[in-house]
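One structure is given here, and the rest of the page talks about it.
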Amino acid sequence: MPPRTKQSANKTRKTNNTPPQRAQQPTSASYPWPREQEDEPINLDDPMLLDFKCEGWDKETASRYNTLYKAEILPTRFFHAKTLFELGIDEDVFETLQAMGIAPLCYATPELYPDLVRQVLATATISYEDFSAPSYANCSFSFMADGEYCSLSLDKVNEIYGIANEPREVAVVKKFTPSNTFWDFITNGNFTPGKAYQSQIRNPALRVIAKIISNLLFAKDQTSKVPNGELQTLYAGIEDEICGSGSSIPIQKVKTNPGFHFITMLCERRLCLMNVTNKKDISDSLLTPLYKHFGIDLSKYMVNTKIQYLDIKYLMAFHIMRDEDTYSFFDKEGTQLFTKLPHPEITRLSVFDNIRFLPPPELICTDPRAAAPNADMEDVKDITPEADPSYDLGELADVTDDQAYRCWMVDSQRKNNSLMRLILHLVTGGCIGGSNQRQSPAEQTPRSHRPGKRLWEHALQLRGFIARATDVCLIRLRAASLIEGMKRTVDETMLTREQSMSACSNQRNNGDQ
1 MPPRTKQSAN KTRKTNNTPP QRAQQPTSAS YPWPREQEDE PINLDDPMLL
51 DFKCEGWDKE TASRYNTLYK AEILPTRFFH AKTLFELGID EDVFETLQAM
101 GIAPLCYATP ELYPDLVRQV LATATISYED FSAPSYANCS FSFMADGEYC
151 SLSLDKVNEI YGIANEPREV AVVKKFTPSN TFWDFITNGN FTPGKAYQSQ
201 IRNPALRVIA KIISNLLFAK DQTSKVPNGE LQTLYAGIED EICGSGSSIP
251 IQKVKTNPGF HFITMLCERR LCLMNVTNKK DISDSLLTPL YKHFGIDLSK
301 YMVNTKIQYL DIKYLMAFHI MRDEDTYSFF DKEGTQLFTK LPHPEITRLS
351 VFDNIRFLPP PELICTDPRA AAPNADMEDV KDITPEADPS YDLGELADVT
401 DDQAYRCWMV DSQRKNNSLM RLILHLVTGG CIGGSNQRQS PAEQTPRSHR
451 PGKRLWEHAL QLRGFIARAT DVCLIRLRAA SLIEGMKRTV DETMLTREQS
501 MSACSNQRNN GDQ
């Protein structure tokens, strides 16, 4: 052992001043799910919520989720098979959707889970294995739902929804050669994405198809603007008819996969809902097959089982149908016309000229909501008779003096009293109602300051006199109809008097016998 030196003796003992690392509770990959209460925003100040997480919830995605509470999540609107059948366009709609490769997607009617929709929209992402060369083969769609990280390829998405895997491009062609010619054929004028509307499409089958794909692939329920992707999808549905027609419409294959439109719509819809207040979302009932594919327990979430349809009421509300069987459209000159449906001879898309849809004049009908004939004519014959002065009344004095009005009321009551006494005198055969008749105690009471009430009391007195004189109980008079009641009193009294006289006559005859 080496000898202990002074230097070694003066060395201080080394100590560890760093406190021991505090054990941190590991954050679950599913956090903050499961949650105790559904439909409540996430606490962004929760220390368990990370600032960034590659595959899971972090503060950014939680903030998106909270923002989506401002949007109203509504059921997706699917087309109504019965309505299409009644309009005679059901076969054309199915065949065209089949040619587009999206028929199974359009015929499904899944239920809606609003809270799961917010989870998916807040975390939905489209990614590629090679971002420098995006393609159908390396495209994937991922999201978080019920604390699970869900990811699947675009090809698997198409398999779940029955969407065709052809064509296989994952981008929308901006310069589509047939755009102007095709749009002018089915509507009028060149195609401009910001100024093209579904209401300009004339053929009813093609117009309803445009409404269907805008609801399911482009998340548009209220607006009817036609973007590039929607026009190209319409073109793909009738591409075979265009190729076989020999028309001047250019031929160009549509290369964008319809499944890519679907997942793109989900990601773009999130941005739209987050940036605009009071928004309604109607595109997300279609997410339910994805929940079922990943085995998510749907019983834990509130469900909206109501199914919305593109039925006849919807078509009328959006001015596609004028009534239950009258189709409304505009011709090349912009004139609104009407024709009755069903009429397969002019709506069938297999006939190329029908795609243009310009019905012959004999099939054009009138507007069922138009005003009745002659309702707005200005040359109606005047049949008013010539003026007859014998029926003219005198000038009506503009009396506004209160004293004059009171005098008129007093005079009116006197005349009414005299008239009633005369009627009573005639009805009772002179027994009561004469000029020498003694006043009743009620008549001796001070007059009311309300003339209408005084007249009413007089009517009741009259009925009492008649009842006592004729020994008949009359029907109770309603205060709501004074004049009518007085008239009924006289009629009843006359009838009673006739019955009494008849009874007396019968007794007299029996006595004579």
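Counting in the UniProt record's numbering, the sequence shown tops out at residue 513, every number present.
A virtual CB, placed ideally from N, CA and C, is assigned to each residue, including glycine.
- Under the three-state reduction of DSSP output, A145 falls in the strand class.
- Of all C-beta pairs linking the region 248 to 260 to the region 112 to 121, fewer than three are shorter than 8 Å, placing the two stretches out of contact.
- Under the criterion of beta carbons closer than 8 Å, A99 and G237 qualify as touching, at roughly 5 Å.
- Note on A171: under 16 other CB atoms within 10 angstroms of its CB, so exposed under the neighbour-count rule.
- Counting along the chain, no beta strand (DSSP E) covers M302, and no H or E run does either.
- Given a length threshold of 4 residues, each whole run of the alpha helix (DSSP H) inside the region 315 to 375 is given here in chain order: 344 to 347 and 352 to 356.
- Excluding five sequence positions before and after I312, the CB atoms of its chain that fall closer than 7 Å to its own CB belong to T83, M321 and E324, given in chain order.
- Here Q403 carries a helix assignment [DSSP, helix/strand/coil].
- In the DSSP assignment, Q308 falls outside any alpha helix (DSSP H) and lies within the beta strand (DSSP E) extending over Q308 to L310.
- Exclusion of the five residues before and after Q200 leaves T187 as the residues of its chain whose Cβ lies within less than 6 Å of its Cβ.
- By the neighbour-count criterion, in which 16 or more other beta carbons inside 10 Å mark a residue as buried, R270 falls on the buried side.
- Beta-bridge pairing by DSSP links F85 to no other residue.
- Residues of the same chain with a CB within less than 6 Å of the CB of C139, apart from the 5 flanking positions on each side, are Y128, L154 and V170 in chain order.
- No residue range can be given for R35, since it is assigned to no beta strand (DSSP E) and is classified by DSSP as neither H nor E.
- When the five nearest sequence neighbours on each side are left out, the beta carbons in the same chain lying within less than 6 Å of the beta carbon of H293 are those of I160, in order along the chain.
- G229 and C272 have their alpha carbons spaced roughly 18 Å apart.
- Going by C-alpha positions, T177 is about 24 Å away from D331.
- By the CB criterion at 8 Å, L234 and I355 fall outside the cutoff.
- The three-state secondary structure of I212, taken from DSSP, is helix.
- Around the beta carbon of L358, fewer than 16 other beta carbons lie within 10 angstroms, which makes this residue exposed.
- Taking all protein chains shown into account, E72 has fewer than 16 neighbouring C-beta atoms within 10 Å of its C-beta and is therefore exposed.
- Within the same chain, and ignoring the five residues on either side of T67 in sequence, the residues whose Cβ sits closer than 7 Å to its Cβ are M274.
- When DSSP states are grouped into helix, strand and coil, I383 belongs to the coil group.
- For S199, there is no enclosing alpha helix (DSSP H), as DSSP marks it with neither H nor E.
- If you look at S127, you'll find it in the beta strand (DSSP E) that goes T125 to Y128.
- Look at the beta carbons and you see the region 298 to 310 touching the region 106 to 116: at least three pairs across the two are nearer than 8 Å.
- Under DSSP, T256 forms a beta bridge with E169.
- Nearest Cα to N158 within the set P289, A219, G88 and P250: P289.
- Setting aside the 5 residues that flank it on each side, D51 is surrounded in the same chain by D58 and K59, each with a C-beta closer than 7 Å to its C-beta; the list follows chain order.
- V93 counts as buried, since at least 16 other C-beta atoms from the protein chains shown sit within 10 angstroms of its C-beta.
- D58 carries a coil assignment under DSSP once its states are collapsed to helix, strand and coil.
- Beta-bridge analysis with DSSP links F185 to no other residue.
- F131 counts as exposed, since fewer than 16 other C-beta atoms from the protein chains shown sit within 10 angstroms of its C-beta.
- Sequence-distant partners of Y309 (beyond 5 residues in either direction) whose C-beta falls short of 8 Å from its own C-beta, in its chain, are R77, F78, F79, H80 and T83.
- With contacts defined as CB atoms closer than 8 Å, Y149 and S142 qualify as a contacting pair.
- Counted as a single uninterrupted DSSP element, the stretch harbouring F176 is not any alpha helix (DSSP H), since DSSP gives it neither H nor E.
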